[in-house]
Amino acid sequence: MIAQTLQSLPQVLVDGVTLGAVYATVAIGYTMVYGILELINFAHGEIFMSGAFIGTAILLVLNGAGWLAHLPKLLVLLLTLLVAMALTGLLGMGIERVAYRPLRHAPRLIPLISAIGVSFVLQDVVRFIAEWRTGNYIVTGVTLYGSEVNFGSITVKSNALFVLGAAVVMMAGLDLFVRKTKWGTAMRAVAQDKDTAALMSINVNRVIALTFFMGSALGGATGVLFAQQYGTIDPYIGFILGLKAFTAAVLGGIGNIRGAMFGGFVLGILEMFASAELGPLTGGVLGAEYKDVFAFIILIAVLLFKPEGLFGQAVKEKV
Amino acid sequence: MSFLVLENVHVYYGGVHALKGVSLTVEQGEIVTLIGANGAGKTTTLRAVCAQVKVREGRVTFQGRDITNQPTHEVVSLGIGHVPEGRRIFSRLTVKENLDIGAFSVRDKSLVKRRLEQVFACFPRLKERLNQKAGTLSGGEQQMLAIGRALMSEPSLLLLDEPSMGLAPVVVEQIFDILKDLNQRGTTLLLVEQNAFQALQLAHRGYVIQNGEIRMADAARTLLENEEVKAAYLA
Ligand SMILES: Nc1ncnc2c1ncn2[C@@H]1O[C@H](COP(=O)(O)OP(=O)(O)O)[C@@H](O)[C@H]1O
Ligand SMILES: [Mg+2]
Chain A
1 MIAQTLQSLP
11 QVLVDGVTLG
21 AVYATVAIGY
31 TMVYGILELI
41 NFAHGEIFMS
51 GAFIGTAILL
61 VLNGAGWLAH
71 LPKLLVLLLT
81 LLVAMALTGL
91 LGMGIERVAY
101 RPLRHAPRLI
111 PLISAIGVSF
121 VLQDVVRFIA
131 EWRTGNYIVT
141 GVTLYGSEVN
151 FGSITVKSNA
161 LFVLGAAVVM
171 MAGLDLFVRK
181 TKWGTAMRAV
191 AQDKDTAALM
201 SINVNRVIAL
211 TFFMGSALGG
221 ATGVLFAQQY
231 GTIDPYIGFI
241 LGLKAFTAAV
251 LGGIGNIRGA
261 MFGGFVLGIL
271 EMFASAELGP
281 LTGGVLGAEY
291 KDVFAFIILI
301 AVLLFKPEGL
311 FGQAVKEKV
Chain B
1 MSFLVLENVH
11 VYYGGVHALK
21 GVSLTVEQGE
31 IVTLIGANGA
41 GKTTTLRAVC
51 AQVKVREGRV
61 TFQGRDITNQ
71 PTHEVVSLGI
81 GHVPEGRRIF
91 SRLTVKENLD
101 IGAFSVRDKS
111 LVKRRLEQVF
121 ACFPRLKERL
131 NQKAGTLSGG
141 EQQMLAIGRA
151 LMSEPSLLLL
161 DEPSMGLAPV
171 VVEQIFDILK
181 DLNQRGTTLL
191 LVEQNAFQAL
201 QLAHRGYVIQ
211 NGEIRMADAA
221 RTLLENEEVK
231 AAYLA
């Protein structure tokens, strides 16, 4: 049995890393917004979902017009990603402007409720549009890279390589931005102390808007990649995925961008492991369907025993 | 035309009437100090200048321009530096990043570099700690960083909120020397202090605030000799 587990381990790792990349990029959106506003942006899962629908819509339209066959696939994927990022980025900024900013000084529960409201609105709007255009809210998109690649005993969808590649590029870019650029430094300053950041002539509202734009664009792009990877989407995919990405963010220490990346990969790998091995390891008592429960047990365990996450704030603050 | 003018400024925190018609002026090139007991309204007065609290009634003008309740980031970019109470350095950022953030509105990179050198000339200690997280600095170093950070925008008016708080006497002396030097090179200072004796020795003029109202305004030297001031703040 152990031998069997070991044998399937490489495949579990490959699948886990791919899923982890999805969790990680979505988790970044939660952690960035939490870092700057101490708000759990519950609508972030729906931004991911909107990205999946925007990407799918672009590809369906291109396909319907008969252009898809004539354009280089990579170009199509890049353009789809960029358009989806721009639109979901603006969507995130708009949500902040309309649903959170007016509540900035309200008790913390209030914007949380507003966020949940935004989630429902987005689900319903997307469902409405999907049913109106396609007759069904469950939509099967166009898969650009459907083939599979074999490395020995491991099978990888070539799509997965794009998911992983794009996710890694986006995460590296974001990390560099936050650490090395003037606006990235401003973002970290605003996250720590808004009043004092304003004294440095930083337009705090603009930095917050930028944070929402970037986190949402990342989430939206991941939605596009997710739709490519799994083929079929519906307006409710953001809910469970959002919760798991949030779990990843908490696991890494909410507010910590690198922590969120790490948490995403850990969760993805653990989940794939659970999905593949829970049955064999428990002699069939627990099956693969327990993988979600597994993720949330991790969330509860982290909240109970290490609420600051694996990478909680390292610097002690002197007063 | 005075450099900075507060006219009959009223500020409330909820139901607390914190400033009850504060008026004061600062002329270009001066050091003015605002002294008063804990809770008198000193911090609130500085916060009213930078629009960090809402001015319910009254007016604030800087270089003749009405800045009352303008967005904070716009007010400070007119040339006001603010060293806030409790220093408020960005502890999770490095010393270098703190200083860079101080020059956020400066586009010219060579200018930022020059100012960085000027700050190092005032505070050589900061140069040694450049890549350290600011939260690991000692209290005195943090105060130097807070002042250095404010100087990175080369303000024409520098507001300082109790820069001596919690620091050893030697360090306080060091910081006051630097303030004097800055003033001689043209920076106008509005200095809030509980450490009234030292502040009045440094300043040209002083105001005494009590319960949100200005009680006295005079030359610093006169205030130092005033019996009431002596009894209340210099004891
Ligand atoms: N955030 C606040 N909320 C409510 N009351 C405040 C707040 N900040 C200051 N106050 C009150 O306003 C008054 C003036 O405070 P402050 O300006 O901080 O005084 P000082 O700086 O002279 O010690 C005090 O009575 C204080 O209790
Ligand atoms: Mg004070």
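Protein chains in written order, with UniProt numbering: chain A, 1 to 319; chain B, 1 to 235. Backbone N, C-alpha and C define an ideal beta-carbon position, used for all residues, glycine too.
Identity of the residue in the options nearest residue i by Cα
i, options, result
"residue 42/A", "52/A, 284/A and 27/A", "27/A"
"residue 267/A", "302/A, 191/A, 100/A and 192/A", "302/A"
"residue 112/B", "125/B, 126/B, 123/B and 96/B", "96/B"
"residue 151/B", "86/B, 185/B, 132/B and 128/B", "185/B"
"residue 217/B", "36/B, 14/B and 17/B", "36/B"
"residue 310/A", "33/A, 158/A, 248/A and 68/A", "248/A"
"residue 1/B", "28/B, 72/B, 19/B and 8/B", "28/B"
"residue 106/B", "70/B, 233/B, 142/B and 154/B", "154/B"
"residue 205/B", "17/B, 26/B, 187/B and 100/B", "26/B"
"residue 30/B", "15/B, 12/B, 219/B and 170/B", "219/B"
"residue 97/A", "109/A, 115/A and 151/A", "115/A"
"residue 87/B", "200/B, 124/B, 167/B and 15/B", "167/B"
"residue 73/A", "59/A, 83/A, 65/A and 84/A", "59/A"
"residue 174/B", "202/B, 54/B and 24/B", "202/B"
"residue 149/A", "307/A, 14/A and 308/A", "14/A"
"residue 147/B", "115/B, 227/B, 73/B and 72/B", "115/B"
"residue 34/B", "214/B, 225/B and 227/B", "214/B"
"residue 169/B", "187/B, 180/B and 140/B", "140/B"
"residue 92/B", "234/B, 85/B, 60/B and 131/B", "131/B"
"residue 139/A", "151/A, 172/A, 265/A and 231/A", "231/A"
"residue 15/B", "56/B, 198/B, 207/B and 23/B", "56/B"
"residue 189/A", "6/B, 94/B, 78/B and 24/B", "94/B"
"residue 85/A", "221/A, 2/A and 157/A", "221/A"
Own chain partners of residue i with C-beta closer than 6 angstroms, once the 5 adjacent residues on each side are dropped
i, result
"residue 291/A", "271, 274 and 275"
"residue 16/A", "268, 269 and 272"
"residue 159/B", "46, 82 and 190"
"residue 175/A", "none"
"residue 230/B", "none"
"residue 89/A", "213, 216 and 217"
"residue 10/A", "154"
"residue 314/A", "Model confidence at residue 314/A stands at a pLDDT of 41, short of 50, so the residue's coordinates are unreliable and nothing is read from them."
"residue 262/A", "252"
"residue 187/B", "158"
"residue 52/A", "223, 226, 227 and 233"
Cutoff 7 angstroms; reference residue i; Cβ partners in own chain excluding five residues on either side
i, result
"residue 98/B", "89, 90, 134, 145 and 149"
"residue 318/A", "Confidence is the limiting factor: at residue 318/A the pLDDT is only 32, short of 50, which leaves the residue's position unreliable and the question unanswerable from this model."
"residue 299/A", "247 and 250"
"residue 19/A", "268, 271 and 272"
"residue 103/B", "112, 115, 152 and 153"
"residue 320/A", "Shown here, chain A extends from 1 to 319; a query on residue 320/A therefore has no answer."
8 angstroms contact criterion, which residue i and residue j should meet: CB distance rounded
i, j, result
"residue 212/A", "residue 93/A", "5 angstroms"
"residue 228/A", "residue 143/A", "6 angstroms"
"residue 4/A", "residue 280/A", "7 angstroms"
"residue 243/A", "residue 21/A", "About 18 angstroms; that fails the 8 angstroms criterion."
"residue 38/B", "residue 21/B", "That pair is no contact at about 21 angstroms."
"residue 184/A", "residue 29/A", "Going by Cβ atoms, the distance from residue 184/A to residue 29/A rounds to 16 angstroms, so no, they are not a contact pair."
"residue 111/A", "residue 39/A", "5 angstroms"
"residue 143/B", "residue 163/B", "6 angstroms"
"residue 53/B", "residue 44/B", "6 angstroms"
"residue 126/A", "residue 95/A", "That pair is no contact at about 14 angstroms."
"residue 159/A", "residue 137/A", "With 8 angstroms as the limit, residue 159/A and residue 137/A do not qualify as a contact, their Cβ atoms being about 23 angstroms apart."
"residue 186/A", "residue 101/B", "7 angstroms"
"residue 264/A", "residue 23/A", "4 angstroms"
Any chain C beta carbon closer than 9 angstroms to residue i
i, result
"residue 32/A", "The structure shown has no chain C; the protein chains it does contain are A and B."
Proximal residues to residue i (C-beta, below 8 angstroms), its chain only, five neighbours per side dropped
i, result
"residue 288/A", "274, 275, 276, 278 and 279"
"residue 210/B", "36, 37 and 40"
"residue 294/A", "270, 271, 274 and 278"
"residue 255/A", "31, 34, 35, 191 and 313"
Whole beta strand (DSSP E) elements within the segment 149–233 of chain A, 3-residue minimum: 154–157
Proximal residues, the segment 61–74 of chain B versus chain A, C-beta separation under 9 angstroms: 71, 72, 73 and 74
Using a Cβ cut-off of 7 angstroms, which residues of the segment 82–115 of chain B contact any Cβ in chain A, in chain order? 82, 84, 88, 90, 91, 92, 93, 97, 100, 101, 102, 104 and 105
Residues, ordered as in the chain, of the segment 154–186 of chain B that lie near chain A by beta-carbon distance below 8 angstroms: none
With 7 angstroms as the limit, tell me which residues of the segment 186–202 of chain A have their beta carbon closer than that to any beta carbon of chain B; keep them in chain order. 186, 188, 189, 192, 193, 195, 196, 198, 199, 200, 201 and 202
Residues, ordered as in the chain, of the segment 31–53 of chain B that lie near chain A by beta-carbon distance below 7 angstroms: 50 and 52
Taking only runs of the beta strand (DSSP E) that begin and end inside the segment 58–124 of chain B, which ones reach a length of at least 3 residues, in chain order? 80–83
Give, in chain order, every unbroken run of the beta strand (DSSP E) that is at least 3 residues long and sits entirely within the segment 165–228 of chain B. 188–193, 205–210 and 213–219
Going along the chain, which unbroken runs of the alpha helix (DSSP H) with 4 or more residues stay wholly within the segment 129–169 of chain B? 139–151
Let me know the alpha helix (DSSP H) ranges lying completely inside the segment 1–63 of chain B, each 4 residues or longer, listed in chain order. 42–49
As an exercise, report each continuous alpha helix (DSSP H) stretch of at least 4 residues that is fully enclosed by the segment 233–317 of chain A, in chain order. 237–252, 257–281 and 291–305
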